[in-house]
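Going by the working numbering, the sequence shown opens with residue 12, and the numbers climb by one from there.
Backbone N, C-alpha and C define an ideal beta-carbon position, used for all residues, glycine too.
Just below is one structure, and these are the notes that go with it.
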Amino acid sequence: MLILVTGGTGYIGSHTCVELLNNGCDVIILDNLVNSEREVVDRIAKITGKRPLFYQVDATEAAAVDAVFSAHPIDGVIHFAGLKAVGESVEKPLAYYKNNLLSTMVILEHCVKYGVPRFVFSSSATVYGENEVPFVETMELKPRSNPYGETKAMCEKILSDTASRNPEMSVALLRYFNPVGAHESGLIGEKPRGVPNNLMPYVTQVAKGLLPELRVFGSDYPTPDGTGVRDYIHVMDLAEGHLAALEKMGRGVHIYNLGTGRGTSVLELITTFEQVNKVKIPYRIVDRRPGDVAECWADVSKARRELGWTAKRGIAEMCRDAWRFEQLHG
Ligand code: NAD
Ligand code: UD1
């Protein structure tokens, strides 16, 4: 299969490219490098021994996207390209709506035009809002408190409506829980610009001494130790989930949670990181972060049943691999 990976030099996209190339797929990356570096293409080639084709193209620009689709017989698209910083989306809602909605519509339009049968979309557990855990795919979605989350829910709707008018298409809406960790080579991983917003990159920067201490956002949640509980998933397990979706999904629209089905608290994650990596993480409990939910974890039975996929790696491997990448290339 020849797969077009938009956002393929980004964090999750680059790991998925490795997984695709290692499993016999050919890969074209389309990325405008707004949040990643061209060097990632070299690193993917180093890991896999195969070099993906790379186009520096903005997915919202129809003419440039058309040139890529018209030049290659693409069998499927994985659409990772998007802006993802929740706080920034509150500051710049229009930039988020424009980039995330328009890129999805332009890519989708070209899939229809060129008869590309498979479309895999990066959605997020954030679409569940304040539902009861565990989150199940059949739940009614609750409103989100930020534009980023809204773009994910809107894209899901755009894709579903389009697929229902194009019965030859297969669309997978993959709702990621909390992707962390890195490829075991330490060559690719998560490299946020500026001070990280998410827990694991913050922890690795504290471990490295780049930041003085971690602030734990709230210890009064109704959870076993009072800190927030999340379903962290190793990015390589997530990458494997994309391959499974591409290979197994039937026609029509299919929604899958990609998580482990297990919750981990902030304090548990800190303790595991310290034990596995033999490094201290100084931390201080502060107020809750606005917009955070107490618990977020997945019911993963649908992906297991229909895709034959389950996450294999645990929290210890996530902490070990995240730290290795931070030390080598963070
Ligand atoms: P990332 O920022 O590392 O990767 C996204 C890539 O898309 C970047 O390389 C960026 O340069 C590119 N991009 C953005 N807009 C583009 C455009 N208009 N045209 C071309 N390229 C563009 O983010 P990631 O963590 O790898 O996330 C990938 C996808 O998964 C995103 O859609 C994100 O919203 C979604 N997601 C991520 C998480 C997470 O925790 N990382 C959770 C749920 C969903
Ligand atoms: C955040 C986003 C969510 C997005 C997800 C993946 C918010 C409100 N939510 O989710 O929409 O889909 O990232 O990109 O931003 N924590 C700390 N200290 C820190 C950082 C985090 O204690 O410095 C805690 C949080 O309160 C939470 C847990 O760690 O309990 C995980 O936080 P984070 O990594 O930001 O992910 P989410 O909040 O799940």
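Answer yes or no: do LEU185 and THR238 have a C-beta to C-beta separation smaller than 9 Å?
On the sequence shown, position 174 is the one that residue 185 refers to. On the sequence shown, position 227 is the one that residue 238 refers to. Against a cut-off of 9 Å, the Cβ pair of THR238 and LEU185 comes out as no contact.
GLY140 beta carbon less than 9 Å from that of GLY126:
Here residue 126 is taken as the residue at index 115 of the sequence shown, counted from 1. Here residue 140 is taken as the residue at index 129 of the sequence shown, counted from 1. No, these two residues do not count as a Cβ contact at 9 Å.
Using CA coordinates, which residue listed in PRO301, ASP298, GLY21, ARG315 is at the minimum distance from GLY342?
With the chain running from 12 to 341 in the structure shown, residue 342 is simply not present.
Taking only runs that begin and end inside the region 224–309, name each unbroken beta strand (DSSP E) of 3 or more residues, in chain order.
Segments of the beta strand (DSSP E) lying fully in the region 224–309: 225–228, 243–245, 263–269, 294–297.
Taking a contact to mean a Cβ-Cβ separation below 9 Å, would you say ARG129 touches SER181 in this structure?
To locate residue 129, count along the sequence shown from 1; it is residue 118. To locate residue 181, count along the sequence shown from 1; it is residue 170. Contact: yes.
Determine the burial state of ALA333: buried for a count of at least 16 other Cβ atoms within 10 Å of its Cβ, exposed for fewer.
Along the sequence shown, read from residue 1 onward, the residue named residue 333 stands at position 322. By the 10 Å Cβ count, ALA333 comes out buried.
Spatial neighbours of ILE326 in its chain, beta-carbon cut-off 6 Å, leaving aside the 5 residues before and after
Translated into positions along the sequence shown, residue 326 becomes position 315. Taken in chain order, the residues that qualify are THR275, THR283.
I need the boundaries of the beta strand (DSSP E) containing TYR66, first residue and last residue.
Position 55 of the sequence shown holds residue 66. Taken as a continuous stretch (DSSP letters only), the beta strand (DSSP E) holding TYR66 covers 64–67.
Can you find a heavy atom of the ligand NAD that lies under 8 Å from the Cβ of ASP42?
Your numbering for residue 42 matches position 31 in the sequence shown. The answer is yes for ASP42.
Which ranges does the alpha helix (DSSP H) cover as unbroken runs of at least 4 residues, wholly within the region 136–212, from first to last along the chain?
158–176
Same chain only: Cβ atoms within 8 Å of THR162, ignoring 5 sequence neighbours per side
Translated into the one-based positions of the sequence shown, residue 162 becomes position 151. Hits under 8 Å: GLY93, SER100, TYR107, TYR108, ASN111, LEU112.
In chain order, what residues of the same chain have a beta carbon less than 7 Å from the beta carbon of PHE336, not counting five sequence neighbours either side?
The count along the sequence shown starts at 1 and reaches residue 336 at position 325. Closer than 7 Å at Cβ, skipping near neighbours: ALA193, GLY197, GLY200.
Apart from the five residues just before and just after ALA73, which ones in its own chain have a Cβ nearer than 6 Å to its Cβ?
Position 62 of the sequence shown, counted from the first residue, corresponds to residue 73. Only VAL117 meet the Cβ criterion.
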